[in-house]
Structures are given as C-alpha cells and as structure tokens.
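Protein chains in written order, with this note's numbering: chain A, 23 to 32; chain B, 29 to 243.
No residue lacks a Cβ here, since even glycine has one placed at the ideal position from N, Cα and C.
In this text the structure is predicted, and so the values were computed from the model without any measurement.
Take a look at the structure below.
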Amino acid sequence: LLSGKQHDEL
Amino acid sequence: MNIFRFAGDMFHLISILVLLLKIYATKSCSGISLKTQELYALVFVTRYLDLFTDFISVYNTVMKLVFIGSTAAIVWCMQWHPVVKRSYDRELDTFRHYFLVGACFVLALFLHENFTFQEIFWAFSIYLEAVAILPQLVLLQRSGNVDNLTGQYVFFLGAYRAFYILNWIYRYFMEQRFSRWISCISGLVQTALYADFFYYYFLSWKNNAKLHLPA
Chain A
23 LLSGKQHDEL
Chain B
29 MNIFRFAGDM FHLISILVLL LKIYATKSCS GISLKTQELY ALVFVTRYLD
79 LFTDFISVYN TVMKLVFIGS TAAIVWCMQW HPVVKRSYDR ELDTFRHYFL
129 VGACFVLALF LHENFTFQEI FWAFSIYLEA VAILPQLVLL QRSGNVDNLT
179 GQYVFFLGAY RAFYILNWIY RYFMEQRFSR WISCISGLVQ TALYADFFYY
229 YFLSWKNNAK LHLPA
C-alpha cells in the first residue's frame with residue numbers, strides 16, 4: 023500500500 | 029501501520045488535546061512556552077507540505093490536518109485570545125528559538141534524503157521537532173513548579189516519541205527496505221531530551237509530591 027512512499031509517518 | 033506507531037500517534041494527539049483542554053478549561057496558558065508551540069506549528073507546516081500532493085490514507089490526511097489545526101489554535105490562543113494571552117509568562121519564555129530554526133535549517137541543507145525542496149523541509153521539520161521542546165523545558169525549570177496538566181502534556185509528548193522508537197525497531201525487523209536514519213537518530217535525540225524530565229516526573233509521581241524540577 024505504502025511502498026515507495028517516502029514519508030508515511032506523521 | 030503498526031500498533032507502536034498508532035499508539036505513538038494517539039499519545040501525540042492526547043498531548044495536544046491536554047494542552048487545548050488546559051487552555052480552554054482554565055483560560056490560562058501559564059507554564060506553557062509559546063515558543064515551543066510556534067516551533068511545533070513550523071514543524072507541522074514544513075513536514076506536511078505533501079498534504080495536498082500525496083494522498084497516503086484518510087487517517088494520515090486527517091491526522092495531519094488535526095495536528096496543524098490544533099497547534100495553530102494553541103498559538104493563536106496564546107497570542108490573541110483576550111483572556112488567555114494575559115497569563116502568558118512572557119518574561120520567563122525567553123529561549124532564543126530562532127537559533128534552533130536556523131541551526132536545523134542549515135543541518136537540513138547538509139543532511140537530507142534527497143536534495144529537493146520537499147525533502148529538505150521534511151528533514152528540517154524532523155530536526156526541529158527534536159529540539160522544539162527545549163523552550164518548554166527551560167520554562168518549566170524557571171517556573172519551578174509544574175502544574176499537572178502541563179506535566180502531562182510533556183509526559184504524553186515523550187510517550188509519543190518513545191513509541192515511535194519502538195515503531196522504528198519493529199519496522200527495522202519486519203521490513204527489508206527500512207532506511208529512515210534521519211527520523212531514527214533525530215527521534216533518539218528528542219527522546220533523550222525528555223529523559224531527565226521523565227526522571228523527575230517519575231520521582232514526583234512515586235513520592236506523590238508536586239513535580240519540582242531542579243533550577
């Protein structure tokens with residue numbers, strides 16, 4: 023789902 | 029998303045709600061550092077630049093809006109609310125936080141993941157968050173006593189960061205592609221800054237005494 027997304031953390 | 033990160037986000041949310049509660053319930057912001065709140069507002073604005081460009085999840089977007097909105101509300105209250113602003117400890121909250129902003133920005137220019145506008149501001153926000161609590165901790169030391177809502181505010185902020193460290197450990201073992209050294213190192217520095225506060229908080233809780241930080 024979040025692969026490749028750099029910053030999935032808040 | 030893992031339980032450590034979710035718990036961390038909830039502690040972060042609780043810390044901000046505790047602060048909003050204190051301000052609205054007591055109509056006072058004594059013991060709260062406006063400079064720390066300004067730094068946090070800057071942290072959220074520079075970190076969530078991708079708010080409208082990248083959609084990650086409803087949860088992610090909603091939390092970003094809540095963090096930006098609530099911190100902006102706290103800064104607004106402490107500066108413009110006719111009743112609240114009178115209780116702001118202006119003469120105690122004298123930490124020169126502009127140096128923190130400058131130092132973090134210079135560091136972000138050298139240490140970042142990609143040399144792009146968004147990445148540099150993201151790294152800046154990570155470094156700034158690590159030191160944003162300093163004006164608040166200095167204010168607490170100067171004002172000596174810590175009223176329990178402000179103490180809880182710092183406590184929950186520390187818990188949020190501690191759970192994020194557990195989240196990074198978890199992700200390190202569970203995901204082969206894990207490289208968030210900027211967040212990890214900065215998060216460790218940030219949590220270390222809370223360690224001494226936690227120590228005095230725990231002592232006061234154990235002795236059931238008023239939290240008193242050594243001057």
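- Within the region 82-133 of chain B, the complete alpha helix (DSSP H) runs of at least 4 residues fall at 86-108.
- Apart from sequence neighbours up to five positions away, the residues of its chain that approach residue 116 of chain B with a beta-carbon distance below 7 Å are 57, 62 and 106, ordered along the chain.
- Taking the C-beta atoms as reference points, residue 188 of chain B is found nearer than 8 Å to residue 36 of chain B.
- Here DSSP, grouped into helix, strand and coil, assigns residue 40 of chain B to helix.
- Residue pairing by DSSP puts residue 240 of chain B in a beta bridge opposite B:173.
- Under the 10 Å beta carbon count, residue 143 of chain B is surrounded by fewer than 16 other beta carbons and is classified as exposed.
- Around residue 209 of chain B, no beta-carbon contact reaches into chain A at under 7 Å, the shortest distance being about 13 Å.
- Contact annotation, residue 48 of chain B with residue 102 of chain B: C-beta distance approximately 6 Å; criterion of less than 8 Å satisfied.
- Residue state for residue 232 of chain B is assigned as helix, using DSSP reduced to three classes.
- The DSSP-derived three-state label of residue 57 of chain B is coil.
- Contact annotation for residue 92 of chain B against chain A: 32 [CB-CB distance below 8 Å, chain order].
- Within chain A, no C-beta atom comes less than 7 Å from the C-beta of residue 148 of chain B; the nearest is roughly 13 Å away.
- In the DSSP annotation of this structure, the continuous segment of the alpha helix (DSSP H) that includes residue 158 of chain B starts and ends at 145-159.
- Residue environment analysis places residue 184 of chain B among the buried positions, since at least 16 neighbouring C-beta atoms fall within 10 angstroms of its C-beta.
- Each residue's CA atom was taken as its position, placing residue 120 of chain B and residue 135 of chain B some 28 Å apart.
- In the DSSP assignment, residue 75 of chain B falls within the unbroken alpha helix (DSSP H) covering 62-75.
- Around the beta carbon of residue 222 of chain B, 16 or more other beta carbons lie within 10 angstroms, which makes this residue buried.
- Your pair residue 89 of chain B and residue 69 of chain B does not check out as a contact, with CB atoms roughly 18 Å apart and the cut at 8 Å.
- Taking the Cα positions, residue 150 of chain B is about 29 Å away from residue 179 of chain B.
- Residues of chain A with a Cβ closer than 8 Å to the Cβ of residue 88 of chain B are, in chain order, 30 and 32.
- The beta carbon of residue 124 of chain B does not come within 8 Å of any beta carbon belonging to chain A, so the residue lies off that interface.
- Not a single CB atom of chain A sits nearer than 8 Å to the CB of residue 121 of chain B.
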